[in-house]
Each structure stands twice: as structure tokens, then as C-alpha cells.
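Remarks on the structure that follows.
Protein chains: 2
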Amino acid sequence: MNKKNSIPKRERILDAAEELFAEHGYDGVTLRQIATTAGVDVALANYHFGKKLDLFQAVFNRRAELLNGARREALHACQVSSGKKGPSVEQIIEAFLRPLEITQETGDEGWRHYLALIAYINNSPYWGPRMMSSLFDELVQEFIEALKKALPKASEADIYWCYHNLSGALTLTLANTGRIDKLSRGHCHSADFQAAYDHMIPFTAAGFRKICGG
Amino acid sequence: MNKKNSIPKRERILDAAEELFAEHGYDGVTLRQIATTAGVDVALANYHFGKKLDLFQAVFNRRAELLNGARREALHACQVSSGKKGPSVEQIIEAFLRPLEITQETGDEGWRHYLALIAYINNSPYWGPRMMSSLFDELVQEFIEALKKALPKASEADIYWCYHNLSGALTLTLANTGRIDKLSRGHCHSADFQAAYDHMIPFTAAGFRKICGG
DNA sequence: CAGACTATTCAACAAGCGTTGAATGCGCAA
DNA sequence: TTGCGCATTCAACGCTTGTTGAATAGTCTG
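Heads up: the protein sequence lines correspond to chains A and B, in order.
Going by our numbering, the letters in the first sequence line up with residues 23 to 236, in that order.
Going by our numbering, the letters in the second sequence line up with residues 23 to 236, in that order.
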């Protein structure tokens, strides 16, 4: 018996939907494709999740709490270890990014698909405003507060524009399009999240300092 | 007679497709929606452009040369004015970004939609590798070469990872999702490309210098 | 074993899809 | 005016879509 058959069908539907939505977007995937990929009848998706849109939401929700928990933990850890003066910009950004890499390292391909789905949603003018806030804004504001403390001279607008740049760099990384592989003729691999963050952390930290003083 | 009726129908189809594809993606838009938006029969799109995919490509191609021309001109201008030592990192990034803003300033809303479409394509694991290279890679390599000259100590990988960060920040800006407006509670407006670039240029330039030395 | 409850499949629906060939309108050349 | 060629619409096609209600299988309880 192959591994797939030991996973409950309800879970397999989520896995298949996660992968396909991440690659082709909400409208680019049919319930029949999802059902076929999951090895399941098309009506079963409806039985477990209701409408197509509800399935989309279920995929989006499934891993959100786990991800937020890991990030929140990383932020609090560096806040504790840095004592009263608070963590540096680098430490905060590290806490923001590294959890995304750890989840990848579990070997669960599903996480890679999930993060690509987040990138799709975050970059979409239609889905972004509808879906991102509800699950992620509260934690993002925690990170922003930490950044404000590390950069006391920064104006509100400066902090948010800098975060926007960080968020954009991250989003394109998670989308995992493989474009940088081709552009760099093999010098960079978009699937190598660790290398991406190794560069992104000092890169964006320098940007924050430049714009926000200190 | 309203302004729209003075535009040839072939053009109106491209305009409608541009706007709708940018907002909902390729599969999120039907030819009937495009035709209705353009005030045209659904069969006309097929007459002028063939299959749906060909229309998508036509929208993608229409403004590409103009955009590449403006960017190339800006790069060459700063290369000339900086003399033998070559332009600074800031000047190169400025030449990369500002043309996107100028086209916006023409008051042609179509450009805003077009740039959002580029963001959609660039961030998509499906469309990105299929469509971006053919039209944009050659010019991007020109910018990369200029950056290498301005940062002689940089390794290949470092340069490309930095470009990746710049590209991501830009992509999220062009997608124009309005998310930063909400996060910042009005301190930043995603439609304000000028403010975005005012911050993005020194931000990313500092990142380049940090990673690539100098 | 009977029964109940959940999970899963089957078969079919109305609606909407991209696409097409034939029909119509329109503007210019002869 | 006639005729021709391009632009546009009309009407319809075969197919796929999301969704649903009824039928079946599976599993546990008593």
C-alpha cells in the first residue's frame, strides 16, 4: 500500500487543493482536478467542505495557526533573550522569516505549497484584501511594534513602507516561480529558502536602518 | 458621445482584458466578461485575437516594448551622465523604477492595470517562467551588468539575490493590493507609486551595498 | 445480527464556458 | 449603384463547470 492511501481522504483533498490552488490560483483549478489528484470522487469535496470557496478557505486556514504560532514564538524568544534593550532589527526579521524555513525542513512538501498559496493570495488584488488581514494582521502588528522599538526615530510611514519591501521580497520568494534560477543561470535556486533568507535578512535590515535611522 | 465610444473596438477589448486579467488572473475572467466590459460581442475577441490565450499574450505584449524602451533610455541616460566611473547603485535602481511611475503619470489608467498584470504574471509559478523571460530578461541583464560594475566586489549569487529582493518589493507594489493601506491605517497608500519608490530606492540600495560590499 | 451513523460514490442537473460558421452592417473603389 | 473587404453581430455547438439527491459501502454499537 502506498503512503497516500494511508492518509484520510478528507486530508488528501486538502493536500491536492493546496498544491493545485498554489500553482494555478483559485479559478485555475476545477474540483474535478482536485478530486482526481486526491484519488477521490468529485462529490466528496462538497460533502466535507461545502462550496468550492469554502474548500479554498479551509486550505488557507488549515496551517495558519501553526505558522503564526511558530513565528510568534520566535519573536518572543528573541525578545526575551535580548533583555530590556529589545531585539535588533536583524533579530526581528530573522524571527519573521526563519520559521518559514523550518516548516519546510520537516520534509512536508505541503508546507511549500501552502506558502506558495499565501504568496498567491498576498499578491492578488482580489484575494489579498479579502483574506490576508483576518489571519495575519494581528501578528504582523506585533512585529511592527518590535521594529518601532528597535528603530525609535522612524516615522509611521517609513516603518510601513520598509515592511512593505520586506513583505514583497518574501512573497516573491514563497511564490517559488523559479525565475531567479533562470536569470542567474544557476547561481541562485528559488527553492533554496535558506539561501534566500541568508541574503534577505541583512539586505532588508540595512534597508530599514537606512530609511528609519540608526 | 462618451469617450469610450471613440476608441476602436479592437483597442477596447485589449483595455478590458488588461484590467480584468490584472484583477482576477487568466482563469478568473471569461471572454464574455471582457466583451461586456468592452461593450462588444463575445465573438469579436476571437476575430481579432484568436484564442483566449492569444488575447492574453496580446495584452502582455502591447505595452512591453514601450516600457522596455523607457527603462533602457533611463539606464543609458544615467550611464552617460555619470561618465567613466559609471552610475551609482541608487542611480541604476532609480532608472529601473522611475519609468514605471512616469507612465502612470500620463493619466492612462491602462498602465496601472498593465503593471498589475505584470505583477500577477511575475508572481505566478505557472505564468512567470512561461512569459517573463521572453520580453524582459534581456533588459534586466543590462541592469544587472550595470549593478555589477557599481559593485565590483559582489559575487554572482549575491547580485542576483539582491535583485530578487528588489524585484519582489517592486512586484508587490505593482500588484496594488491596497494591503499596506489597511496595515498602516492610512499612513501609506499603495496607489502612491512615487512614495513607494522614494522609499524603495534608498532601501534596496542600502541592501545591495550591505550584501555586495561598498 | 440489526441498526445507525458516517463516509463515499454514482448519476445527473442547469448554467456557463470557449469557440465557430453564417449572416449582417459598413465604408470605400470602381 | 454595385461590389468587395473588413468589422461586427447572431445563434448555436459541444463540453466542462459546480453542485446536488439518491444510492452504496464501511464501521462501530448494542
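Ideal Cβ positions, reconstructed from N, Cα and C, are used throughout, including at glycine.
All of these numbers come straight from a predicted model, not from anything done at the bench.
Where residue i meets chain B, residues with beta-carbon distance less than 8 Å
i: Glu45 of chain A; result: Pro147, Tyr148
i: Tyr182 of chain A; result: Ile202, Leu205, Ser206, His209, Cys210
i: Gly229 of chain A; result: Pro224, Phe225, Thr226, Ala228, Gly229
i: Glu178 of chain A; result: Ser206, His209
Contact under 8 Å by Cβ, residue i with residue j
i: Arg201 of chain B; j: Met222 of chain A; result: no
i: Gly129 of chain A; j: Thr226 of chain B; result: no
i: Gly235 of chain B; j: Lys175 of chain B; result: yes
i: Arg84 of chain A; j: Leu36 of chain A; result: yes
i: Ser212 of chain B; j: Tyr182 of chain A; result: no
i: Trp149 of chain A; j: Ile140 of chain A; result: no
i: Gly190 of chain A; j: Thr195 of chain B; result: yes
i: Ser110 of chain A; j: Ala172 of chain A; result: yes
i: Ala117 of chain A; j: Leu97 of chain A; result: yes
i: Val62 of chain B; j: Lys106 of chain B; result: no
i: Ala39 of chain A; j: Leu77 of chain A; result: yes
i: Pro147 of chain A; j: Ala138 of chain B; result: yes
i: Gly47 of chain B; j: Gly50 of chain A; result: yes
i: Tyr136 of chain A; j: Ile166 of chain A; result: no
i: Ala57 of chain B; j: Leu66 of chain B; result: yes
i: Asn145 of chain A; j: Ala44 of chain B; result: no
i: Gln101 of chain B; j: Ala179 of chain B; result: no
i: Leu157 of chain A; j: Ala99 of chain A; result: no
i: Phe215 of chain B; j: Gln126 of chain B; result: yes
i: Leu188 of chain B; j: Ile115 of chain B; result: yes
Residue i at chain A interface by Cβ criterion, 8 Å
i: Ile140 of chain B; result: no
i: Leu194 of chain B; result: yes
i: Met23 of chain B; result: Here the model assigns Met23 of chain B a pLDDT of 39, short of 50, so the residue's position is not dependable, and the following value carries that caveat. No, its Cβ sits nowhere closer than 8 Å to a Cβ of chain A.
i: Pro174 of chain B; result: no
i: Arg65 of chain B; result: Per the sequence shown, the amino acid found at residue 65 of chain B is Ala instead of Arg. Chain A contact via Cβ: absent.
i: Asn90 of chain B; result: no
i: Phe225 of chain B; result: yes
Minimum Cβ-Cβ distance from residue i to chain B less than 8 Å
i: Thr199 of chain A; result: yes
i: Ser103 of chain A; result: no
i: Asn242 of chain A; result: With chain A covering only 23 through 236, there is no way to say anything about residue 242 of chain A.
i: Pro76 of chain A; result: As written in the sequence, residue 76 of chain A is Asp, which differs from the Pro given in the question. So, not an interface residue.
i: Met154 of chain A; result: yes
i: Val81 of chain A; result: no
i: Asp159 of chain A; result: yes
i: Val162 of chain A; result: yes
Beta-carbon neighbours of residue i, restricted to chain A and to distances below 9 Å
i: Pro30 of chain B; result: Chain A residues near Pro30 of chain B: none, gap ~27 Å exceeds 9 Å.
i: Asp49 of chain B; result: His46, Gly47, Tyr48, Asp49, Gly50, Val51
Neighbour list for residue i in chain A, Cβ cutoff strictly below 7 Å
i: Phe215 of chain B; result: Within 7 Å Cβ-Cβ: nothing; Phe215 of chain B doesn't reach chain A, min ~12 Å.
Within chain B, the residues that residue i reaches when beta carbons sit closer than 7 Å
i: Val111 of chain A; result: The premise fails here: Val111 of chain A is roughly 12 Å from chain B at the closest Cβ pair, so nothing lies under 7 Å.
i: Ile233 of chain A; result: His221, Pro224, Phe225
Residue i: contacting residues in chain A (beta-carbon distance under 8 Å)
i: Glu40 of chain B; result: Neighbours of Glu40 of chain B on chain A: none; closest Cβ ~13 Å, over 8 Å.
i: Pro151 of chain B; result: Thr199, Gly200, Arg201, Lys204
Residue i: contacting residues in chain B (beta-carbon distance under 9 Å)
i: His186 of chain A; result: Ala191, Leu194, Thr195, Arg201, Ile202, Leu205, Ser206, Cys210, Ser212, Ala218, His221, Met222
Proximity test, residue i beta-carbon vs the ligand FAD heavy atom, cut-off 7 Å
i: Tyr185 of chain A; result: In terms of ligand content, the structure shown is empty, and the ligand FAD therefore cannot be addressed.
Exercise for review: Go through the region 152 to 217 of chain A residue by residue and report every complete run of the alpha helix (DSSP H) that reaches 4 residues or more, in order.
Suggested key: 178 to 197, 201 to 205
**Study point:** Contained alpha helix (DSSP H) runs [length at least 4] in the region 87 to 145 of chain B, N- to C-terminal order
**Key:** 111 to 127, 131 to 145
Check your understanding: Curious, which full-length alpha helix (DSSP H) runs of at least 4 residues does the region 32 to 92 of chain B contain?
Key -> 53 to 60, 64 to 71, 74 to 84
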